[in-house]
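Peer 1: In this note's numbering, the protein residues as written are 424 to 527. Using N, Cα and C, we set each Cβ at its ideal position, and we do this for glycine too. Please see the structure below; I have some questions.
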Amino acid sequence: FCLTGSVLWKSFMAMLLHTLLQKRADATKHYRIENQLNQYMGNKQTPLDLRFRVRMYLDQAWDKLGGTTEHDVLGGISKGLRGKIRAQATENYLRSIPFFNNGP
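Pasting the structure below:
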């Protein structure tokens, strides 16, 4: 019984460590992309208010998707299924707008 418990504990710790390392890698990738974008916008003399809006968008997308992009999540499924998922997401969004929620 002790051997089984030890194996389970080690497996759990390995999975936990893997998850933490993956999250850190995703965060590092996000910050690298954000820094490159900041540098690009600075070089192109992008107005400060637009830079702020772009950063806010990236941060909100990061928070909403949990460190992944739509491409990361949907990249492994067929084009047809991706289209259906995107269509459903768009429909849900449009139905949340009062002007559109009386449709069929």
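Checking 9 Å against the spacing of the C-beta atoms, do W485 and H453 come in under that value?
Peer 2: yes
Peer 1: Can you give the Cα-Cα distance for P470 and D449, rounded to whole angstroms?
Peer 2: 28 Å
Peer 1: Helix or strand or just coil, what does DSSP make of I508?
Peer 2: helix
Peer 1: Could you compute how far the alpha carbon of R506 sits from the alpha carbon of L517?
Peer 2: For clarity, residue 506 is Gly in the given sequence; the question names Arg instead. A straight line joining the alpha-carbon of G506 with that of L517 spans about 16 Å.
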